[in-house]
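Written below as structure tokens is the structure these notes are about.
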Amino acid sequence: TPRGRKTYKKRAASIEPVFAQIKHNRRIRSLFRRGLAAADSEWKLIYATHNLLKTYRTA
């Protein structure tokens with residue numbers, strides 16, 4: 004649908020570069036902890052460090 008294409012286009016421009024940087028530059032290809040809660044907390048830690056590095060580099 005046109006609405007779906009528009010939404011995906013926004014995602015490609017805003018979210019996908021973050022995932023690409025985490026996967027490529029930081030070499031994080033998979034999560035190591037088992038279970039949904041553990042994987043969620045690991046992802047939050049990865050994303051928090053991503054934001055901290057971004058803040059550190061721009062400040």
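Residue numbers for the sequence shown follow this note's numbering, beginning at 4 and rising by one. C-beta atoms are modelled at their ideal positions from N, C-alpha and C, and glycine is treated no differently. Quick caveat, the model's predicted, so the values are computed rather than measured.
Counting beta carbon pairs with one atom in the region 5 to 21 and one in the region 37 to 47, are three or more of them shorter than 8 Å? By the C-beta criterion, the region 37 to 47 is judged not to be in contact with the region 5 to 21, since fewer than 3 inter-stretch pairs fall below 8 Å.
How big is the Cα-Cα spacing for Tyr2 and Arg36? Only positions 4 to 62 of the chain appear in the structure, and residue 2 is not among them; the question remains open.
Where Ile49 falls: helix, strand or coil (DSSP): Three-state DSSP puts Ile49 in a helix.
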